[in-house]
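Here's the structure, in structure tokens; my notes come after.
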Amino acid sequence: MIRDHLNALVAQAIREAQTAGELPTFDLPTVSVERPRQPEMGDYASTVAMQLARPAKLPPAKIAQIIAARIPAHAQFTVEVSGNFVNFRLTPAFLAHEVEAVLARGEAWGNIDLGKGGKAQVEHGSANPTGYATVGTGRNVVVGDTLANTLAAAGYAVQREWYVNDAGSQVRVFGGSVFARYAQALGVDEPLPERGYQGEDVQEVAQLIAEREGDKFLHLPREEAVRALGRMGIDLVMENIRHTLARLNIRYDNFFSEKSLWTSGLAGEMIETLSQKGLIVEHDGAMWFSEDGSPIRAGQGKRRTAEEYAASENEEVEEEEDKSKPKPLQAVVIRSPKVIANEDERPTYFASDIPYAWDKVHVRGFHPAVYVWGEDHQADVPRVLAAARALGLPDGAVRIIIYRFITFLSAGKEVRMGKRKGNALLIDDIINETGADAFRYIMLSRSVDTKFAFDLDLLREQNDKNPVYYVQYGHARICSIERKAEEESWLDREANPQSTTSNLHYEHPSELMLIRKILELPEVVELVAKTLQPHHYTTYARDVTQAFSKFYEDCRIKGSAPAVIHARLQLARAAQIALAKTLRLMGMTAPERM
RNA sequence: GUCCCAAUAGCUCAGUUGGAUAGAGCGUUUGCUUGCGGAGCAAAAGGCCGGGAGUUCGAAUCUCUCUUGGGACACCA
23 MIRDHLNALV AQAIREAQTA GELPTFDLPT VSVERPRQPE MGDYASTVAM QLARPAKLPP
83 AKIAQIIAAR IPAHAQFTVE VSGNFVNFRL TPAFLAHEVE AVLARGEAWG NIDLGKGGKA
143 QVEHGSANPT GYATVGTGRN VVVGDTLANT LAAAGYAVQR EWYVNDAGSQ VRVFGGSVFA
203 RYAQALGVDE PLPERGYQGE DVQEVAQLIA EREGDKFLHL PREEAVRALG RMGIDLVMEN
263 IRHTLARLNI RYDNFFSEKS LWTSGLAGEM IETLSQKGLI VEHDGAMWFS EDGSPIRAGQ
323 GKRRTAEEYA ASENEEVEEE EDKSKPKPLQ AVVIRSPKVI ANEDERPTYF ASDIPYAWDK
383 VHVRGFHPAV YVWGEDHQAD VPRVLAAARA LGLPDGAVRI IIYRFITFLS AGKEVRMGKR
443 KGNALLIDDI INETGADAFR YIMLSRSVDT KFAFDLDLLR EQNDKNPVYY VQYGHARICS
503 IERKAEEESW LDREANPQST TSNLHYEHPS ELMLIRKILE LPEVVELVAK TLQPHHYTTY
563 ARDVTQAFSK FYEDCRIKGS APAVIHARLQ LARAAQIALA KTLRLMGMTA PERM
């Protein structure tokens, strides 16, 4: 990478200046060139002169001059001093050379080797299988799938997993709801259970079962029927969800059953391990996880009243803590006789999280194991991280992404939605209106930390305003140019036998700008892979498209000299490669016509 | 009460390991077409980066604090 090369050259220049006596002796700081915000300032810039001003006891502008003077002449870049900065500008010849490198790599352009073939997992979706996929789940799966694409491009062997919550009490409630709707479908008067699922999806599933299986479940013992219908219902719902997600270009490698953690005995082993480490304590007849093994004190682990908080304030103040270290987690319930209704259920949600994290990282070897969670799970983040620490899993192996929920606007007012109440907006309904590409783009267009309002009224008129069309249109236009160039033989290969060999030449600012944008792609992939923030793709896609549009406006291809036509067609091709790759990473299509 | 997230242009949002003059889309105003897709391009207007303090050569970015808004804090999932 040229950036590393420049770093080395700057460091070398400083050392030489010290040897020559132009700079006093001091310890070299870590030098690192960066990308200037203003493109006029060059492609890379070093700020090291300002960092050295104090130890060198010289004005920074003077230091910049000394360093720049000692950087040898090079074919790839030029060096200039601007104020206190040492700037590097890639030469047109080098940029042209890089265009050829992009063309040579084709679809592999943008791939990097951050993962070095290691195993990574992205677990996303994972909603309770108690209803069809909602728009809320949509943000989860689009973010998760895009991260999976990114890690794959970053050199990881990636597995995409859905965690099936098939072990909780919600599943029992769901089973009861299916049973009621099933009975109703067969003409039997049966009320929905308390807090049952009211959605049409449950009715649909129950209807389907009634048609396929007849009335045989009505003759079984009720408890047995509820369980059987719950299982069948979950299978049907999952089938529907899979179908919906396939429309979004999302597929999974594995569906992991929560219940399997308990039937396999892994959960029991983990609890045993933690008990031996003294990290599981008994209190009030229940079993608790306590990261530092501290005993459970009264009031911990449950919601306290304002009075209790006020009283606890009078307790002795602990000495100053190191804020960089996470506080040990002191109380999460693992198992209690009050919560186990029957053997089909796992003790608590957190009790499953412990063996699940172990299974991902230690048993299956994923590093990182990425979790994509909605903000309703934010309180569980420290718990899972604490469990990972207690189990001795390596730092950074468990990565949890929390995304903000989507809110909905209708007639300018916020609408509340819930799966249980059955008024949730389904992904299928939305993509029937917008198409899968626009849906994915919208879901990726904002940082996961930002909640955004989905305006239902704007849904239909979002066509021209949606930036997704700008990007896809740009791609289609490049393809159109290539088609035209071929059909109309802009380049007569017979007359210009040399034109297919290298010797590309670019000098127009719009050409050079576009090349620089294309060359940024690997850095964007690295950024997303490291930060796990996929929204950077949308700004990058727009930037590339914008650079191409400017190039398209300023640099005519048709009718130019053969060498220019050739060079510009090659550049357009490179832009198409970068844009298509970005769209693919986002899980979108790159249409050749619109 | 504790914890998490947010606050940047009229609106919706970017802003990478702290760097030079703060960025885009939409909206507003005004230009651009004898030629490759005008779903385009160019220009203008629009900012105490929520307030305050600190660290630093240098802060939208880091630390502390305050304000405002959202969320999470069950032997629920």
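Here the first sequence stands for residues 23 to 616, numbered as in the working numbering. We put the beta carbon where it would ideally sit given N, CA and C, even for glycine.
If you draw a straight line from the C-alpha of residue i to the C-alpha of residue j, how long is it?
i	j	result
Leu28	Thr41	20 Å
Thr429	Gln592	44 Å
Arg505	Glu614	10 Å
Ile89	Val108	8 Å
Gly457	Val303	52 Å
Ser316	Glu397	29 Å
Gly307	Lys360	9 Å
Pro584	Ile464	41 Å
Gly190	Phe388	26 Å
Gly418	His399	19 Å
Leu513	Asn525	16 Å
Lys603	Phe474	27 Å
Glu102	Phe110	7 Å
Asp402	Ile537	45 Å
Val53	Pro114	26 Å
Ala507	Glu575	17 Å
Glu291	Gly414	15 Å
His384	Ala410	10 Å
Ile376	Asp188	16 Å
Ala39	Ala589	42 Å
Arg357	Arg606	45 Å
Gln60	Ser68	14 Å
With the cut-off set at 7 Å, would you say residue i and residue j are in Cβ contact?
i	j	result
Leu258	Val200	no
Tyr154	Leu447	no
Met610	Arg386	no
Gly177	Lys138	yes
Ala179	Val144	no
Val355	Trp310	yes
Gln352	Ser297	no
Thr126	Tyr528	Reading off the sequence shown, one finds Ala at residue 126, where the question assumed Thr. No. Outside cutoff.
Arg182	Tyr274	yes
Arg253	Ala228	no
Leu301	Ala232	no
Met535	Thr168	no
For residue i, which three-state DSSP category applies?
i	result
Trp310	strand
Asp49	coil
Tyr681	The requested residue 681 is not part of the displayed model; the chain covers only 23 to 616.
Trp512	coil
Ala33	helix
Phe476	strand
Val210	coil
Val164	helix
Phe427	coil
Ala179	strand
Leu605	helix
Tyr185	strand
Can you give me the Cβ contacts of residue i inside the same chain, cut-off strictly under 7 Å, excluding the 5 residues immediately before and after it?
i	result
Asp26	none
Lys539	Asp565, Val566 and Ala569
Leu112	Asp65, Gln98 and Phe99
Pro544	Gly132 and Ile134
Pro77	Phe48
Leu541	Glu120
Gly198	Pro215, Gly218 and Val248
Ala86	Ala71, Val103, Asn106, Phe107 and Val108
Can you name, in chain order, every residue of its own chain whose Cβ lies under 8 Å from the Cβ of residue i, other than the five neighbours on each side?
i	result
Leu50	Ala33, Ile36 and Arg37
Ser469	Gln555 and His557
Ser379	For the sequence presented, residue 379 should be read as Ala rather than Ser. Here the set comprises Ala391, Val406, Ala409, Ala410, Leu413, Leu415 and Val420.
Among the residues of its own chain, which have a CB less than 6 Å from the CB of residue i, if the five just before and after it don't count?
i	result
Ala174	Val180
Ala149	Thr159
Ala476	A small fix is needed here, since residue 476 is Phe in this sequence, not Ala. So the qualifying residues of the chain are Ile428 and Phe430.
Tyr626	Outside the modelled stretch of the chain, which goes from 23 to 616, sits residue 626, for which no answer is possible.
Tyr185	Glu145, Ser148 and Phe278
Lys281	Asp188 and Ala189
Ala408	Glu313 and Leu351
Is any heavy atom in the ligand SAM found nearer than 6 Å to the beta carbon of residue i?
i	result
Lys238	Although the ligand SAM was asked about, the structure shown includes no ligands whatsoever.
At 3 residues or longer, what runs of the beta strand (DSSP E) sit wholly inside the region 248 to 314?
276 to 279, 302 to 305 and 308 to 311
I'd like the ranges of any alpha helix (DSSP H) spanning at least 4 consecutive residues and lying wholly in the region 48 to 120.
70 to 78 and 82 to 91
List, from N- to C-terminal side, the alpha helix (DSSP H) runs of 4 residues or more that fit wholly inside the region 350 to 413.
371 to 380 and 402 to 412
Jot down the residue ranges of each uninterrupted beta strand (DSSP E) in the region 524 to 602, minimum 3 residues, whole runs only, in chain order.
none
If we require 3 or more residues per run, which beta strand (DSSP E) segments fall completely within the region 121 to 173?
141 to 145
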